[in-house]
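Engineer:
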Amino acid sequence: MFFINAEAVLNGDAVECDGSPMRPGQLCVSYSGGDTLDYEEEKRSEARGELAGYAGVGLGALGVVLLVSRGITGKRRGR
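Here you go:
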């Protein structure tokens, strides 16, 4: 999950359609869902993905911190 979210964050401002870069005025056609998005719509969609990526990375980091802190407090109780 971390790597999927990190990819959304690291992608930056690039707008892609099925892994290929898009330029203004181009359309992105999804054959699996039947959706067609223009450059601006795809850019907004990717911005939402980037926001979700930041949230996912943050939640993943919080999970790691909680896991480590639980391990530390567990060792202290065992003494």
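Each residue of the sequence shown is one higher than the one before, starting from 249 at the first, in our numbering. C-beta: ideal position from N, C-alpha, C; glycine also.
Can we say the region 267-274 touches the region 287-306, given the rule of at least three CB pairs closer than 8 angstroms?
Structural biologist: Because the criterion of three Cβ pairs below 8 angstroms is met, the region 267-274 and the region 287-306 touch.
Engineer: For V263, which of helix, strand or coil comes out of DSSP?
Structural biologist: Position 15 of the sequence shown, counted from the start, is the residue given in the question as residue 263. If DSSP states are grouped into helix, strand and coil, V263 belongs with coil.
Engineer: List the endpoints of the continuous beta strand (DSSP E) containing D286.
Structural biologist: The residue given as residue 286 occupies position 38 in the sequence shown. Run containing D286: T284 to D286, per the beta strand (DSSP E) assignment.
Engineer: Provide the residue(s) that pair with P269 in DSSP beta bridges, ordered along the chain.
Structural biologist: Residue numbering aside, residue 269 sits at position 21 when the sequence shown is read from its first letter. Beta-bridge pairing links P269 to E264.
Engineer: Please confirm whether V263 and E294 have their CB atoms less than 8 angstroms apart.
Structural biologist: Within the sequence shown, numbered from 1, the residue matching residue 263 stands at position 15. Within the sequence shown, numbered from 1, the residue matching residue 294 stands at position 46. Going by C-beta atoms, V263 is nearer than 8 angstroms to E294.
Engineer: Would you call V313 buried or exposed, if buried means 16 or more other Cβ atoms sit within 10 Å of its Cβ?
Structural biologist: Sequence index remark: in the sequence shown, residue 313 carries index 65 (1-based). Looking at its Cβ environment, which holds fewer than 16 other Cβ atoms inside 10 Å, V313 is exposed.
Engineer: Sort out for me which residues DSSP pairs V277 with in a bridge.
Structural biologist: On the sequence shown, residue 277 is found 29 positions in, with the first residue counted as 1. Looking at the DSSP assignment, V277 forms a beta bridge with T284.
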